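Its first residue numbered 4, the sequence shown is counted upward by one per residue in the working numbering.
First the structure, in the form of structure tokens, and then the observations on it.
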Amino acid sequence: MGVADEIRSYLGSEVGAKVGGKGESGDAKLVIAEQKSFLSKKTVEYSAKFKVQDDDRVVRFFEMLKESGSGMSGGDAGDVGGGWGLSKQTYKTGTGGRDGGIEAQGSLLGNKYAFTLDYARIRMAVQAIAERNGYRFDYQLTPKGL
Numbered sequence: 004m005g006v007a008d009e010i011r012s013y014l015g016s017e018v019g020a021k022v023g024g025k026g027e028s029g030d031a032k033l034v035i036a037e038q039k040s041f042l043s044k045k046t047v048e049y050s051a052k053f054k055v056q057d058d059d060r061v062v063r064f065f066e067m068l069k070e071s072g073s074g075m076s077g078g079d080a081g082d083v084g085g086g087w088g089l090s091k092q093t094y095k096t097g098t099g100g101r102d103g104g105i106e107a108q109g110s111l112l113g114n115k116y117a118f119t120l121d122y123a124r125i126r127m128a129v130q131a132i133a134e135r136n137g138y139r140f141d142y143q144l145t146p147k148g149l
């Protein structure tokens, strides 16, 4: 089993993410919170991308948290727009990644959702897989090149 396969296996079986990619690249997506009501839906999704570079012996890794919503809201009676709309917001982790659970870092999403996901645990596990196989772990700010 190659490094990329080992990372995909971890993200799929241990984290429970939907894993894609082939060869030396891969990605994972995991819905960590979802609110549904009569005519609206809000979702918080964790996603990660990685690429194993055998020539340089480097595993490049990127992760992101995305909140999206769609549908109709109640709105005010005086609201000209009819009380409906679409919105999409994206939050990305910083240079060193985000430590602790997302709930502890809840300043981005407030108290809208009840969930826990330990970013640091996922990132450190991928880093451990890379280092165990003799690769350097490189955390990226953007998914460019993955």
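Don't be surprised by glycine CBs; every beta carbon is placed ideally from N, CA and C.
From a predicted model like this one, the values you see are computed outputs, not experimental measurements.
Taken atom to atom, the span from the alpha-carbon of I132 to that of D59 is near 16 Å.
With a cutoff of 7 Å on beta-carbon distance, A123 and Y13 are scored as not near each other.
Across the structure, D30 and E9 are spaced so that their CA atoms are roughly 13 Å apart. When C-alpha distances from Q143 are compared across N136, R135, A36 and Q130, the shortest belongs to Q130. For D30, there is no enclosing alpha helix (DSSP H); the residue is part of the beta strand (DSSP E) that begins and ends at S28 to K39. For E9, the uninterrupted alpha helix (DSSP H) segment begins and ends at V6 to S12.
Here A36 is not near V22, since their CB atoms are 7 Å or more apart. Y142 has F64 as its beta-bridge partners, per DSSP. For the 7 Å CB-CB criterion, L149 and F65 form a contact. The beta-carbon separation of G74 and K54, rounded to 36 Å, does not stay under the 8 Å limit for a contact. Per DSSP, the beta-bridge partners of V55 are V62. Distance from the CA atom of E27 to the CA atom of G19, rounded to whole angstroms, is 20 Å.
Distance from the CA of A7 to the CA of L42, rounded to the nearest whole angstrom, comes to 40 Å. Ranked by Cα distance from R135, the options K25, V34, K52 and V62 are led by V62. According to DSSP, residue pairing for S73 in a beta bridge involves K44.
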